[in-house]
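Student:
Numbering (full-length UniProt numbering), first residue to last: 1 to 466.
#1: What do you get for residue 287, buried or exposed, if any count of 16 or more other CB atoms within 10 angstroms of its CB means buried?
#2: For the beta strand (DSSP E) containing residue 490, list its first residue and its last residue.
#3: Return helix, strand or coil for residue 334, following the three-state DSSP convention.
#4: Check for me: the beta strand (DSSP E) holding residue 189 runs from which residue to which?
#5: What residue from 85, 65, 103 and 135 has the CA that sits closest to residue 96's CA?
#6: Going by beta carbon distance, what residues of the same chain come within less than 7 Å of residue 433, once the five residues before and after it are set aside?
#7: Helix, strand or coil: how does DSSP classify residue 453 here?
#8: List the endpoints of the continuous alpha helix (DSSP H) containing residue 22.
#9: Suppose the cutoff is 6 Å on Cβ atoms and the five residues either side in sequence are ignored; what does the same chain contact list for residue 344 look like?
#10: Let's see if you can read the secondary structure: which residues bound the beta strand (DSSP E) around residue 372?
#11: Pull up the distance between the alpha-carbon of residue 266 and that of residue 276, whole angstroms please.
#12: Distance check for residue 311 and residue 295, CA to CA, integer angstroms please.
#13: Taking the alpha-carbon positions, what's the residue 35 to residue 85 distance?
#14: What are the start and end residues of each continuous beta strand (DSSP E) run of 3 or more residues lying completely inside the segment 391-459, in chain order?
#15: Indicate whether the contact test is met: 3 or more Cβ pairs, each with one atom in the segment 202-221 and one in the segment 25-32, closer than 8 Å.
#16: Hey, quick one: how far does the beta strand (DSSP E) through residue 36 stretch, first residue to last?
#17: Is residue 209 helix, strand or coil when you go by DSSP?
#18: Roughly how many angstroms lie between the CA atoms of residue 105 and residue 58, to the nearest whole one?
#19: Please return the same chain residues whose Cβ sits closer than 8 Å to the Cβ of residue 115, not counting the five positions on each side in sequence.
#20: Between 39, 14, 390 and 88, which has its C-alpha nearest residue 47's C-alpha?
#21: May I ask you to verify whether the segment 245-257 touches the segment 224-234, counting CB pairs closer than 8 Å and requiring at least 3?
#22: By the DSSP assignment, the beta strand (DSSP E) with residue 46 in it spans what residues?
#23: Have a look at residue 421 and residue 246 and give me their C-alpha separation to the nearest angstrom.
#24: Relative to the C-alpha of residue 194, which candidate in 180, 401, 157 and 172 has its C-alpha closest?
#25: Under the criterion of a Cβ to heavy atom distance below 6 Å, does residue 331 qualify as lining the ligand NAD?
#26: Is it buried or exposed for residue 62, if we count other Cβ within 10 angstroms and need 16 for buried?
#27: What residue does the beta strand (DSSP E) around residue 363 start on, and which one ends it?
#28: Tell me which residues share the same chain as residue 443 and place their Cβ nearer than 7 Å to its Cβ, disregarding the 5 neighbours each side in the sequence.
#29: Measure the C-alpha to C-alpha separation of residue 123 and residue 137 and round it to an integer number of angstroms.
#30: For a test of the three-state rule: what should DSSP assign to residue 339, helix, strand or coil?
#31: Along the chain, where does the alpha helix (DSSP H) that runs through residue 108 open and close?
#32: Across which residues does DSSP place residue 90 in a beta bridge pair?
#33: Classify residue 351: buried if its beta carbon has 16 or more other beta carbons within 10 angstroms, exposed otherwise.
#34: When the Cα atoms are used, what is the spatial distance from residue 375 to residue 359?
#35: Taking 6 Å as the limit between beta carbons, can you name the residues of its chain near residue 164, skipping five residues before and five after?
#36: Ordered along the chain, which non-local residues of its own chain (more than five positions away) have a Cβ less than 6 Å from that of residue 169?
Right, dumping it as structure tokens:
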């Protein structure tokens, strides 16, 4: 779920990358890094923490060059606490210089087989990242005599999973995306250059213009004044991550042609189809805001903030430990007593994952005097783990797994509880359900996953003439 960006700009890229990554900070808060190339040398700086904790003016001044890449890092539990995994990564071999960063979750058997293969070919891995594995594959192709573009192409053909990546190879910027489109990646034009990024808000931050999304299965090559695309892989259907539209992405981002805010607002309108008697509609800020706006408009119940957010506390869902998430909820949110006391309150949130956050929120609002708390949720019940980058590793920690909505309602102490239906969710996003990954809601995965019996598998194949 990390945020990545790559920029080519004749005026320098260190500061533009810093600003672009700030726009993506919501995608990862564990670490940050920037790599730049000045025509001769690769410069790299990275470290744990948010961007403002890692970078300052003196650091950015030491990152010269007109091409660069960067990442804000979010890792799954198994790979946390490893400083060597902070990206971008940097390599030099046989006259080549390569820096790479990816947001990737490869299927386990594919990842393990490739890692074993390249260890057998002599590569000594120093991290547990997919970025280093992909770099090893690219380097092997180059050493074997392939040109730069074909080295990326041949690597992409062997990867199985969700990925989006940016890389600098010998001064040229490359961007690539998995054939199902599970990880977002878009392309934009700047005043004197180009940018690729996980979300369009990074382009907006630099006063750029969104050109298009990187097509699933495409390799994009960017030099100083030109952009070219090569379709490497095709699929019979996509698997765009529905969680991007519900939670992950910023609401002002456009992802695969959909303005995220509009999708969330429409979901809120759908949630209001079943009437409830209430005095106010309040979002659980910030991710519930667009949903609540749609709900309030459709229901004609007044919109009012019953909870206010401390802007200096990060997103609780992506905090690495459950204990940190639980402590952060009370620090992050504070009920407005005069808004909720003796009132029937509709709280609208994006999702319920483990249930601990929802329970604490409902109890807080009740403690401040609310007579009733009705929960409305902008996603379907999450019943299965994600193998493509969202840290939901086991069914046991998912409150909706094996439980009815009524059972969940009782567990979170809500007066009533309703989720959006799958049909209404798909309709609100505006992408056919067959082209969405909703495995966390149905347990059917777009790729075969070892140990998971259900698969709504997509067929992936080489693009014509490639």
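C-beta: ideal position from N, C-alpha, C; glycine also.
Predicted model only: the values in this text are computed from it and were never measured.
Tutor: Reading it off the structure:
#1: Walking along the chain shown from the start, residue 287 turns up at place 287. Result: buried.
#2: Nothing can be reported for residue 490: it is not among the residues displayed for the chain, which extend from 1 to 466.
#3: Within the chain shown, residue 334 is the residue found at index 334, counting from 1. Reduced to three states, the DSSP call for residue 334 is strand.
#4: Stepping through the chain shown from its first residue, residue 189 is reached at position 189. First-last of the beta strand (DSSP E) with residue 189: 186-190.
#5: Along the chain shown, read from residue 1 onward, the residue named residue 96 stands at position 96. Measuring from the Cα of residue 96, the nearest candidate turns out to be 135.
#6: Reading the chain shown from its first residue, position 433 is the one you call residue 433. Around residue 433: 426.
#7: Counted from its first residue, the chain shown places residue 453 at position 453. Reduced to three states, the DSSP call for residue 453 is coil.
#8: In the chain shown, counting from the first residue as 1, residue 22 sits at position 22. Looking at the DSSP string, the run of the alpha helix (DSSP H) that includes residue 22 is 14-23.
#9: On the chain shown, residue 344 is found 344 positions in, with the first residue counted as 1. Excluding positions up to five away in sequence, the list reads 278, 279, 371 and 372.
#10: Taking the first residue of the chain shown as 1, we reach residue 372 at position 372. Note, residue 372: beta strand (DSSP E), 372-377.
#11: Indexing the chain shown from 1 puts residue 266 at position 266. Indexing the chain shown from 1 puts residue 276 at position 276. Near 18 Å, if we compare the C-alpha coordinates of residue 276 and residue 266.
#12: One-based indexing of the chain shown puts residue 295 at position 295. One-based indexing of the chain shown puts residue 311 at position 311. Taking the straight line joining both Cα atoms gives about 24 Å.
#13: The residue you call residue 35 lines up with position 35 of the chain shown. The residue you call residue 85 lines up with position 85 of the chain shown. Looking at the two C-alpha atoms, the distance is approximately 14 Å.
#14: 416-419
#15: no
#16: Translated into positions along the chain shown, residue 36 becomes position 36. Run containing residue 36: 31-37, per the beta strand (DSSP E) assignment.
#17: If you number the chain shown from 1, residue 209 lands on position 209. Note: residue 209 maps to strand in three-state DSSP.
#18: Reading the chain shown from its first residue, position 105 is the one you call residue 105. Reading the chain shown from its first residue, position 58 is the one you call residue 58. Their Cα atoms are separated by approximately 34 Å.
#19: Working through the chain shown from its first residue, we reach residue 115 at position 115. Closer than 8 Å at the Cβ level, and outside the excluded window around residue 115, lie 125 and 133.
#20: By one-based count along the chain shown, residue 47 stands at place 47. The residue with the shortest Cα to Cα distance from residue 47 is 88.
#21: no
#22: Stepping through the chain shown from its first residue, residue 46 is reached at position 46. 42-48 is the span of the beta strand (DSSP E), which, as asked, contains residue 46.
#23: Start at 1 with the first residue of the chain shown, and residue 421 comes out as number 421. Start at 1 with the first residue of the chain shown, and residue 246 comes out as number 246. For residue 421 and residue 246, the distance between alpha carbons rounds to 13 Å.
#24: Taking the chain shown and counting its residues from 1, the one referred to as residue 194 is at position 194. Ranking the options by Cα distance to residue 194, first place goes to 172.
#25: You won't find the ligand NAD in this model; it holds no ligand whatsoever.
#26: The residue you call residue 62 lines up with position 62 of the chain shown. Exposed, because fewer than 16 other Cβ atoms sit within 10 Å of the Cβ of residue 62.
#27: One-based indexing of the chain shown puts residue 363 at position 363. That residue, residue 363, is in no beta strand (DSSP E); its alpha helix (DSSP H) goes 356-367.
#28: Here the question's residue 443 lines up with position 443 in the chain shown. For residue 443, where only same-chain residues beyond five positions count, the Cβ hits under 7 Å are 383, 384 and 454.
#29: As a working note, residue 123 is residue 123 in the chain shown. As a working note, residue 137 is residue 137 in the chain shown. Distance between the alpha carbons of residue 123 and residue 137 is about 10 Å.
#30: As a working note, residue 339 is residue 339 in the chain shown. Three-state DSSP puts residue 339 in a helix.
#31: Translated into the one-based positions of the chain shown, residue 108 becomes position 108. That run of the alpha helix (DSSP H) goes 108-120.
#32: Translated into positions along the chain shown, residue 90 becomes position 90. Beta-bridge pairing links residue 90 to 99.
#33: Looking up residue 351 in the chain shown gives position 351. Answer is buried; the Cβ neighbour count reaches 16.
#34: If you number the chain shown from 1, residue 375 lands on position 375. If you number the chain shown from 1, residue 359 lands on position 359. Near 10 Å, if we compare the C-alpha coordinates of residue 359 and residue 375.
#35: The residue you call residue 164 lines up with position 164 of the chain shown. So the list reads 103, 177, 183 and 185, once near-sequence residues are dropped.
#36: Taking the chain shown and counting its residues from 1, one reaches residue 169 at position 169. So the list reads 98 and 148, once near-sequence residues are dropped.
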